[in-house]
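Each residue of the sequence shown is one higher than the one before, counting from 1 in the UniProt record's numbering.
For glycine and all other residues, C-beta sits at the position ideal for the given N, C-alpha and C.
Here is the structure we will look at, set down as structure tokens.
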Amino acid sequence: MMEVLPGKKHEMRDWVDQTCVALDFILFGLSSAALPRPQSPPYSKLPPSSSSPSIAIFENLFHNFIGKCVVVMVKDSIKRRKPNILVTGTPGTGKTTTSTALAEATQLNHINIGDLVKEKNLHDGWDDELDSYILNEDLVCDELEDVMDEGGNIVDYHGCDFFPERWFDCVVVLQTDNTILYDRLSRRGYKESKLSNNVECEIFQVLLEEAKESYAEDKVVALKSDTIEDISRNVATLTDWIRNWSIQV
């Protein structure tokens, strides 16, 4: 991926202008008829465009597409000053406890997706069988887009495959012994079916596989989370990583 430093944004815009000019010349070659063109650079330097409705529609769609791609490239390429971390894992593995402690230690922003969904109504209703809200992935991503671009966030959720990969600099998958997990979920009052499903997910390492399939291998780390000592050690490890990341930036 091309890196764009803050002082180099104008070079990216130049590249976009040049690309659009070149592609307009290609489009012009498809037809010799002319339509009025905008007079602002770089279009004032272009030959007339096609009068064919299909060509004109294609041109508009293409320019809109290029513009959106460039916005994503610029956002993706400019280094954040603080990292974004995703803490995921089966329910009961200590995500919220770990994320809360890590946020306090690093002064990063803790975002609990479950709480956010309820507060902002980012769901499609209630699922009686799963005993939870039906999360609307598009609404969640739209809600988080700007804050994630700024960096400095710890996102806490029991899923990870619907978030844009570019959002996160580190993906932490917490893992807990099945017996310990069963006891934790029992104390929460989980229904037997829901409890069994979650323990089964942990046995087959569903969240770890999901993370590996969704993010670059060097971003994903699995951490044991059986005891308070494990959680404290994990928080210390991640705190050191965050500090080193900030120094490198």
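For C160, which three-state DSSP category applies? The answer is coil: DSSP assigns C160 none of H, G, I, E or B.
Please list the segments of the beta strand (DSSP E) lying wholly inside the segment 184-230, counting only runs of 3 or more residues, in order along the chain. 220-224
What do you get for K95, buried or exposed, if any count of 16 or more other CB atoms within 10 angstroms of its CB means buried? buried
Could you spell out the range, first to last residue, of the beta strand (DSSP E) harbouring E174? Position check: residue 174 holds Leu in this sequence, whereas Glu was assumed. First-last of the beta strand (DSSP E) with L174: C170 to Q175.
Note the first and the last residue of the continuous alpha helix (DSSP H) segment covering D142. E137 to E150
Give, in chain order, every unbroken run of the beta strand (DSSP E) that is at least 3 residues long and sits entirely within the segment 71-114. 84-88 and 109-112
T100 to H110, Cα distance in whole Å? 7 Å
Less than 8 Å between the CB of E192 and some heavy atom of the ligand MN, yes or no? Although the ligand MN was asked about, the structure shown includes no ligands whatsoever.
Where S232 and T176 are concerned, what is the direct C-alpha to C-alpha distance, given to the nearest angstrom? 15 Å
Between A105, G125, D127 and P91, which has its C-alpha nearest N112's C-alpha? P91
With distances taken from CA atoms, which of T237, K212, D218 and R188 is nearest I224? A small correction: the amino acid at residue 224 is Lys; Ile does not occupy that position in the sequence shown. Residue T237 is the option with its Cα nearest to K224.
As assigned by DSSP and simplified to three states, the class of D131: Assignment of D131 by DSSP, reduced to helix, strand and coil, places it in the coil class.
Look up N153 in the DSSP assignment and say whether it is helix, strand or coil. strand
Residues near D161 in its chain [Cβ-Cβ closer than 6 Å; skip 5 each side]: Listed in chain order, the non-local C-beta contacts of D161 below 6 Å within the same chain comprise E210 and S214, local neighbours out to five positions each way being set aside.
Looking at C-alpha atoms only, which residue of S132, E129 and N136 is the closest neighbour of H123? N136
Less than 9 Å between the C-beta atoms of L108 and F163, yes or no? no
Bridge partner(s) assigned by DSSP for W167: W167 is not bridged to any residue.
V118 and L139: beta carbons closer than 9 Å? Reading off the sequence shown, one finds Lys at residue 118, where the question assumed Val. Their beta carbons are not under 9 Å apart, which means K118 does not touch L139 by this criterion.
So, are the CB atoms of T106 and I242 less than 9 Å apart? yes
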